[in-house]
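Read the structure below first, then the notes.
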Amino acid sequence: MKAARGSVVSKKGTPWGTIIAVVAIVALLGAVITYYMVKSAPKREQADREAAAASFAPSAQDPDPSKRIPGVVTATYTGSVHVLPTERVAYDKTPPFGGPHDQTWATCTGVVYPTAVRTENMVHALEHGAVWIAYNPQQISGDALNQLSVRAKDKPFTMMSPYPGLDKPISLQSWGHQLKVDKPDDARIDEFIAALRSNPNGVYPEVGASCDAVPGQFDPDNPPPFDASKPGPDAKPMDYKGSTAAQGEQGMPSAPASSAPASSPASSTPTK
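The sequence shown begins at 28 in our numbering and counts up by one.
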C-alpha cells in the first residue's frame, strides 16, 4: 500500500504549466495596469489642476474672475469687424487678443494645431468665447508640450497652436484678455481658462456662437498658415471698420462696412 501511494504521488509532480500560465497572466495584468497609470497620468493631473482652479469659475457676483489673476492684461476691442481671407491686420499685440479678424473663425473645439495658424482666423474664435493657448515652439517641446496640450485637447471652446517668435514660452488669449507665463505647470493657466472660456457674462462679443468647423471655409486639418512677415502698408489698422465684401458668420451677409463702429483705442493694463 505504501509503495502504491508513493508511486501515485510521484506521478503527480509539480504543475509547471499552470504555474507559468498564472505568472504570465499576473505579469500581463501588471503591465496593463502600469501602462494605464502612465498613460492616464496627464489627464489625472489635469483634473487635479482644474479642481484647484474651480474657484475662478465666473458667476453673476464675480463676472470676470480673471481680474484676480496676477499678470493678466486687458484691452477693449469692438467685435464683428471682418476682413477678407486675402487681407491682413496690423495687430497691436503679439499674439493679438482682439480687433478686426477674418470672416471665418478657426475651429476651436479642443483642436491642438501642430503648425502655426493664420492669426486673423484665430482672433475670430476668441470673439466666440474660445481660449487660445499659444506657445513658442523653440522653448516648449517634449513633456512640457504634452503638459500644455492636455489643457486644450478635446476641450470645448479651446484651441492651441505654436506661435513662432513669441516673446514668452506660453501665452494665453481670450477676447480682450492675455496672460503670458514661463512654464506649463503655472497654476494661472488653469485659472485663466476657468475664468474666461465660454464666460457668459459679456466678456466677449458673441455669446452663444459656435466653435465648430465651417465646411468649405476652414479646414482644421489643413488650416491657413501663419504669416510671420511684418504686415505691409496695405494691412488693416486696428480702427478698421470692416471690408464691404467680407461675409458675416458662416456665409451670412454682413452689415455694410460704413455701419460698423470703429474700434476704440485699445489700452492695455495689467489686472490687479
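By construction, the Cβ of each residue, glycine as well, lies at the ideal position given by its N, Cα and C atoms. Here the structure is a predicted model, which means the values were calculated and not measured.
Check	Outcome
Identify every run of the beta strand (DSSP E) within the segment 140–210, keeping only runs that are complete inside it and at least 3 residues long; order them along the chain.	158–162, 185–189, 197–201, 204–208
Drop a sphere of 10 angstroms on the beta-carbon of Trp43, count the other beta-carbons inside from all chains shown, and report buried for 16 or more, exposed for fewer.	exposed
Is it the case that the Cβ atoms of Leu223 and His204 are separated by a distance below 8 Å?	yes
In angstroms with no decimal places, state the Cα-to-Cα distance between Ala214 and Gly156.	21 Å
By the three-class DSSP mapping on this structure, what secondary structure does Val110 have?	strand
With respect to the alpha helix (DSSP H) encompassing Arg215, which residues constitute its N-terminal and C-terminal limits?	214–223
Taking Pro141 as the reference, which of Val99, Val230, Arg95, Leu172 has the closest Cα?	Leu172
Relative to the C-alpha of Ser86, which candidate in Phe253, Ser225, Asp239 has its C-alpha closest?	Ser225
In terms of alpha-carbon separation, which member of Ala84, Met186, Ala80, Ser198 lies closest to Gln166?	Ser198
Going by DSSP in three states, Gly278 sits in which element: helix, strand or coil?	Note on Gly278: pLDDT 43, under 50, position unreliable in the model; the coordinate value appears next. Helix.
DSSP three-state label for Asp75, please.	helix
If you draw a straight line from the C-alpha of Ala133 to the C-alpha of Thr185, how long is it?	10 Å
Quick test of your reading: Tyr267 and Pro127, contact by CB under 8 Å. State the CB separation rounded to the nearest angstrom.	5 Å
Using three-state DSSP, classify Lys302 as helix, strand or coil.	With the chain covering 28 to 299 only, the question about residue 302 has no answer from this structure.
By the three-class DSSP mapping on this structure, what secondary structure does Trp138 have?	First, the residue type needs correcting, since residue 138 is Val and not Trp in the sequence shown. Val138: strand per DSSP, three-state reduction.
One question on the structure: do Lys94 and Val139 come within less than 8 Å of each other, judged by their Cβ atoms?	no
Taking 6 Å as the limit between beta carbons, can you name the residues of its chain near Ile220, skipping five residues before and five after?	Val158
Rounded C-beta distance between Ser270 and Glu114? I'm assuming under 8 Å.	6 Å
So is Glu154 buried or exposed if we call it buried at 16+ other beta carbons inside 10 Å?	buried
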